[in-house]
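The sequence shown lines up with residues -5 to 561 when you count with this note's numbering.
Structure first, commentary second.
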Amino acid sequence: MTANDSHDDADSFLAYLRDQSILDQASVGRVRGAIAASRQPVDVVLLELGLLHENRLADQQAAFLGLERVRAEEFPDEFEPGSDLPADFLRRTELIPLAATADAVIVATARPLRSDAARALQYYLGRRVAVKVATQSEVNLYFKRALDSNGLADADQRVDADTSIEEDVERLKDFAREAPVIRLVSRLIAAAVERSASDIHIEPQEDRVRVRLRIDGVLVDSDDFPKQVQAGILSRIKIMARLNIAEQRLPQDGRIKVPVRGKEIDLRVSTVPTLYGESVVLRILDRQEVRLDFAALGFSEHAIGGIRRLINQPNGIVLVTGPTGSGKTTTLYAALSELNRGDSKLFTVEDPVEYHFDGINQTHVRPQIGLDFATVLRSILRQDPDIIMVGEIRDRETASVAVQASLTGHLVLSTLHTNSAAAAISRLLDMGVEDYLLVSTLRGVLAQRLVRKLCPHCRESSLAGTAAMENLRLPGTPASPLEQALRYEAKGCSRCHGVGFSGRTVIYELLPVDSRIRNLVLERSPDSDIGEAARAGGMVTLSECGIAKVALGETTMAEVARVTASL
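What follows is the structure, given as C-alpha cells:
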C-alpha cells in the first residue's frame, strides 16, 4: 500500500477492532474519551491504557491497512539511507529505510495510521513510498543502535537536556490527566475505602503493576494492571499529592484530600524508587471511621479505668508500646480526646500529623531542616503547655527532654517500640535516662497489639475444635465458655469479602508503676522480674487478654498467636 492510500482514521480503526472482537464497546468508549482529553493518537492511547500489546497492535494495524508486517531481523544492519534520503527527517519521523529502487522506497514505521511523514517523504523524493509495519520497541532499538554506531545526530538531538526533560514531564502530565487514568486511580481509592483498607500498595513488577490492600493489618491482592499504565497511575498520584513528577530517583512524601462517596478522605503518600519503577503507598486516613474512645477500640471497663487514672494525673510520663501498626497512635488520640476539655493547653509533636483535632496544637517534625522531636519539644515547653503528646521517643535526647518536661509539671504521652510493657522501662534506661529520674516521672506503660475480629455474619463452629475439646473434657462435664468460643472459626462471606474477619480489636497489658516496680527499677532488675511483679499486682498479660477475647468469641487462638508470636 502506498502513502496516498494510508488512513489516519481513529474511529475506523476502533470500529475494526470492535468488529474483530478485540475490543468491546466499553473499551472503545474509553479510548475515544482518552483521545478527546489528551489529543494523543489512537495507537498511543491503546498502548498506554494497556488494551493491546504492541506486537498485537502492529499486527492489527497491518491487517486493517492491508500492509505487510516487518520484523526487527529484516531491518538493515546499518543506517544507510542513501544520498537522496534525508537522514535527519527519517530519524525524527521514525521511518526506517528498508530498500530503495529508482521508482520506489520501502520504509518501516510503528505509526502507519499517521501517514503525514510518508506523504512528505514521497513528495520530497518524487517517488512512491511503500510502508510496512513494525513495533515501536523495534523502531526505537534500531535508531538507538544507529545512533551508537554511526553517531547519527541532528538538530533535534542537540537540544538542551533540560528541554527534553520538560517535554517528558509535560507528556506525563498530559497522560495523567486523561479521563481513563483519572477514573482508574479514583476507582482504586474508592475500592480501598469501601473495603476499609488502611493502605494501598502500588508495586511495579517486571511485566505488570501489582496493587495490594492492607485490610485489618494483613496485605491482600487487589488488582494487576498492564505495565503500560504504570506511568499514568504514578503520574496521576504525584499530581494529586503535589509531588515532583519528574523526580523518580529519590523518595517523596505528600498528602492528598479527595472526596469518596460523599466524605472527605485524607491520603498520606509515600514514593520510593525500586528496580522496576517507583513503589507507592497511600495511607488512608478516614477520620469518620476512627472512633476515638477506649471502649470502641476494645478496652474493657477495668482497663479504661486504669488508663484514665494514669492520664488524669497532673504530671509524669505515660507510654504506649508495641510494634508498628499496633494502634499506639490511635490510643493516644483517644486519650487526647478525653483530655481536650478546654481548660488545658494541649500540644502534639508527630511524624507526621495523621488526624487533625480542634483545640489541639499539632506540629509535625521535619528532620531534613533540623526540626526533630527534641527540638520541637524544647520549643513547646516555652508555649506554656499542660499536656504534650510526643509521637515517639526515639533517642536519648528526646527521652531527656520528655523527662525534664514531666519534672516541671507537664503530663507527657508518648510511644516506644517494645514488645512488652516491662521492656519499655529497660529501653529508657538503655537510652541513658537515670533510674532515679525514671521512677520519679514514669506513671505507667500500656503495651498493645491489634487482632482481627471474626466476622459476626459468617463465623461458624469448628467440628474439629468441638471434637478435640470433648476428648479432653471429662465425661458429663459441661463445656466452658472458652471451649465454646474455641469452636468458632473464620468462614468468609460477601460482607467480609470472603476473609472471615471484619475489623480489629485491641489486646493489651497495663503496667502501673507502683512502689514495687520503682524498687525493681532502682535495683536494675531484668524485664522478667518487673513483669512478674506487675502480674502479682493484678496485671493481665497480652496473651491472657487475647485468650479472654477468644473466650468472648471475638477472635481466634490462631489470630492471637499470630500477633503475640514474638513474646
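Note that the Cβ used here is the ideal one computed from N, Cα and C, for glycine as well.
Q) Can you give the Cα-Cα distance for Val101 and Ala28, rounded to whole angstroms? A) For the purposes of this step, residue 101 is taken as residue 107 along the sequence shown, with counting starting at 1. For the purposes of this step, residue 28 is taken as residue 34 along the sequence shown, with counting starting at 1. Near 30 Å, if we compare the C-alpha coordinates of Ala28 and Val101.
Q. Are Arg498 and Val445 closer than 9 Å when you measure CB to CB?
A. Translated into the one-based positions of the sequence shown, residue 498 becomes position 504. Translated into the one-based positions of the sequence shown, residue 445 becomes position 451. For Arg498 and Val445, yes; Cβs fall inside 9 Å.
Q) If you draw a straight line from the C-alpha of Asp162 to the C-alpha of Val39, how long is it? A) Within the sequence shown, the letter at position 168 stands for residue 162. Within the sequence shown, the letter at position 45 stands for residue 39. For Asp162, the predicted structure reports a pLDDT of 49, less than 50, and the residue's modelled location is therefore unreliable. A value from the coordinates is still provided. One C-alpha to the other measures close to 16 Å.
Q) Between the C-alpha atoms of Arg453 and Ile209, what's the straight-line distance to the nearest angstrom? A) Within the sequence shown, the letter at position 459 stands for residue 453. Within the sequence shown, the letter at position 215 stands for residue 209. In a straight line, the C-alpha of Arg453 is about 18 Å away from that of Ile209.
Q. By how many angstroms is the C-alpha of Asp201 removed from the C-alpha of Phe288?
A. Within the sequence shown, residue 288 is the residue found at index 294, counting from 1. Within the sequence shown, residue 201 is the residue found at index 207, counting from 1. Between Phe288 and Asp201, the C-alpha separation is close to 46 Å.
Q. Cα separation between Ala93 and Thr103?
A. Position 99 of the sequence shown, counted from the start, is the residue given in the question as residue 93. Position 109 of the sequence shown, counted from the start, is the residue given in the question as residue 103. Distance between the alpha carbons of Ala93 and Thr103 is about 13 Å.
Q.
Please state whether the Cβ-Cβ distance between Thr129 and Leu46 is less than 9 Å.
A. As a working note, residue 129 is residue 135 in the sequence shown. As a working note, residue 46 is residue 52 in the sequence shown. Not in contact: Thr129 and Leu46 (Cβ atoms no closer than 9 Å).
Q) Which residues mark the beginning and the end of the beta strand (DSSP E) in which Arg376 is found? A) Counting from one through the sequence shown, the residue named residue 376 turns up at place 382. Segment: none, Arg376 is in no beta strand (DSSP E) and carries neither H nor E.
(Q) Could you tell me the alpha carbon to alpha carbon distance between Val275 and Ser131, rounded to whole angstroms? (A) Here residue 275 refers to the residue found at position 281 of the sequence shown. Here residue 131 refers to the residue found at position 137 of the sequence shown. Near 30 Å, if we compare the C-alpha coordinates of Ser131 and Val275.
**Q.** Sub-9 Å separation of Gly292 and Ile501 beta-carbons
**A.** In the sequence shown, residue 292 corresponds to position 298, counting from 1. In the sequence shown, residue 501 corresponds to position 507, counting from 1. Cβ atoms of Gly292 and Ile501: closer than 9 Å.
Q: Can you grab the Cα-Cα spacing for the pair His265 / Ser273, in whole Å?
A: Here residue 265 corresponds to residue number 271 of the sequence shown, with the count starting at 1. Here residue 273 corresponds to residue number 279 of the sequence shown, with the count starting at 1. Inspection of the sequence shows that residue 265 is occupied by Thr rather than by His. Rounded to the nearest angstrom, the two C-alpha atoms are 6 Å apart.
Q.
Within 10 Å of its beta-carbon, does Glu188 have 16 or more other beta-carbons around it, so buried, or fewer, so exposed?
A. Stepping through the sequence shown from its first residue, residue 188 is reached at position 194. Exposed.
Q.
Between which two residues does the beta strand (DSSP E) holding Leu546 run?
A. Residue mapping note: residue 546 aligns to position 552 of the sequence shown, counting from 1. Element bounds for Leu546: n/a, residue is neither H nor E.
Q | Unbroken alpha helix (DSSP H) run spanning Asp82, endpoints | A | By one-based count along the sequence shown, residue 82 stands at place 88. Residues Ala81 to Thr87.
(Q) Residues in the same chain with beta-carbon distance under 7 Å from Ser61, minus the five sequence neighbours each way, listed in chain order, please. (A) To locate residue 61, count along the sequence shown from 1; it is residue 67. Contrary to the premise, residue 61 reads as Leu rather than Ser in this sequence. Once the five neighbours on either side are set aside, the close Cβ partners of Leu61 are Met(-5), Pro106, Val125, Lys126 and Val127.
Q.
Suppose contacts are defined by Cβ-Cβ distances below 9 Å. Is Val406 in contact with Ile311 by that definition?
A. Residue numbering aside, residue 406 sits at position 412 when the sequence shown is read from its first letter. Residue numbering aside, residue 311 sits at position 317 when the sequence shown is read from its first letter. In contact: Val406 and Ile311 (Cβ atoms closer than 9 Å).
**Q.** Which listed residue (Gly353, Leu440 and Leu448) has its alpha carbon closest to that of Met533
**A.** The residue labelled residue 533 in the question sits at position 539 within the sequence shown. When only C-alpha atoms are compared, the closest one is Leu440.
(Q) Which of the three DSSP states is assigned to Ser519 in this structure? (A) Taking the first residue of the sequence shown as 1, we reach residue 519 at position 525. Coil at Ser519, not helix or strand.
Q: Quick one: residues in its chain with C-beta nearer than 7 Å to the C-beta of Ala418, no 5 flanking neighbours on either side, listed in chain order?
A: As a first step, residue 418 must be located in the sequence shown, where it is residue number 424. Within the same chain, Cβ atoms closer than 7 Å to the Cβ of Ala418 are found at Leu313, Thr315, Leu410, Thr412 and Val439, the five residues on either side in sequence being excluded.
Q.
Spatial neighbours of Cys449 within its chain, please: C-beta separation below 8 Å, excluding the five flanking residues on both sides.
A. The residue labelled residue 449 in the question sits at position 455 within the sequence shown. Here the set comprises Ala484, Lys485, Gly486, Cys487, Arg489, Cys490, Val493, Gly494, Phe495 and Ser496.
**Q.** Endpoints, alpha helix (DSSP H) assigned at Gly570
**A.** The question about residue 570 has no answer here: the residues shown for the chain are numbered -5 through 561.
(Q) Run through the DSSP bridge pairs and tell me what Thr499 is partnered with. (A) Along the sequence shown, read from residue 1 onward, the residue named residue 499 stands at position 505. Paired residue(s): Val445.
Q: Could you tell me the distance, in whole angstroms, from the CA atom of Cys539 to the CA atom of Met425?
A: The residue given as residue 539 occupies position 545 in the sequence shown. The residue given as residue 425 occupies position 431 in the sequence shown. Answer to the nearest angstrom: the Cα atoms are 29 Å apart.
Q: Please report the residue range of the beta strand (DSSP E) in which Glu344 lies.
A: Locating residue 344 in the sequence shown gives position 350, where the first residue counts as 1. That run of the beta strand (DSSP E) goes Leu340 to Glu344.
Q. Taking just the CA atoms, how far does Val25 sit from Asp112?
A. Taking the sequence shown and counting its residues from 1, the one referred to as residue 112 is at position 118. Taking the sequence shown and counting its residues from 1, the one referred to as residue 25 is at position 31. Strictly speaking, residue 112 in this sequence is Ala, with Asp absent from that position. Roughly 25 Å separates the two Cα atoms.
Q.
Please list the terminal residues of the continuous alpha helix (DSSP H) segment that includes Phe288.
A. What you label residue 288 is simply residue 294 of the sequence shown in a count that begins at 1. Looking at the DSSP string, the run of the alpha helix (DSSP H) that includes Phe288 is Phe288 to Leu291.
Q. For Leu43 versus Gln199, is the C-beta spacing smaller than 9 Å?
A. The count along the sequence shown starts at 1 and reaches residue 43 at position 49. The count along the sequence shown starts at 1 and reaches residue 199 at position 205. Contact: no.
Q. According to DSSP, is Ala399 helix, strand or coil?
A. As a working mapping, residue 399 is identified with position 405 in the sequence shown. It is helical.
Q: List the residues that DSSP assigns as beta-bridge partners of Glu538.
A: For the purposes of this step, residue 538 is identified with residue 544 of the sequence shown, where counting begins at 1. DSSP lists no partner for Glu538.
Q.
Going by C-alpha to C-alpha distance, which of Thr369, Lys251 and Ala240 sits closest to Met234?
A. Position 240 of the sequence shown, counted from the start, is the residue given in the question as residue 234. With distances taken between Cα atoms, Met234 lies closest to Lys251.
(Q) For Pro35, tell me which candidate among Leu59, Gln14 and Asp5 has the shortest Cα-Cα distance. (A) Sequence index remark: in the sequence shown, residue 35 carries index 41 (1-based). The residue with the shortest Cα to Cα distance from Pro35 is Asp5.
Q | Beta-carbon proximity of Pro248 to Leu237, cut-off 9 Å | A | In the sequence shown, the residue the question calls residue 248 occupies position 254. In the sequence shown, the residue the question calls residue 237 occupies position 243. In the sequence on display, residue 248 carries Gly and not Pro. Going by C-beta atoms, Gly248 is nearer than 9 Å to Leu237.
Q.
What would DSSP say about Tyr482, mapped onto helix, strand or coil?
A. Indexing the sequence shown from 1 puts residue 482 at position 488. Tyr482: strand per DSSP, three-state reduction.
Q | Among Ala30, Ala9, Ile259 and Leu228, the one whose alpha carbon lies nearest that of Ala191 | A | Counting from one through the sequence shown, the residue named residue 191 turns up at place 197. Nearest option by C-alpha distance: Ile259.
Q. For Gly271, does the three-state DSSP call read helix, strand or coil?
A. For the purposes of this step, residue 271 is identified with residue 277 of the sequence shown, where counting begins at 1. The answer is strand: DSSP assigns Gly271 an E or B state.
Q.
Taking its Cβ as the centre, do 16 or more other Cβ atoms sit within 10 Å of Pro91, making it buried, or is it exposed?
A. The sequence position of residue 91 within the sequence shown is 97, counting from 1. Buried, since its Cβ has 16 or more Cβ neighbours within 10 Å.
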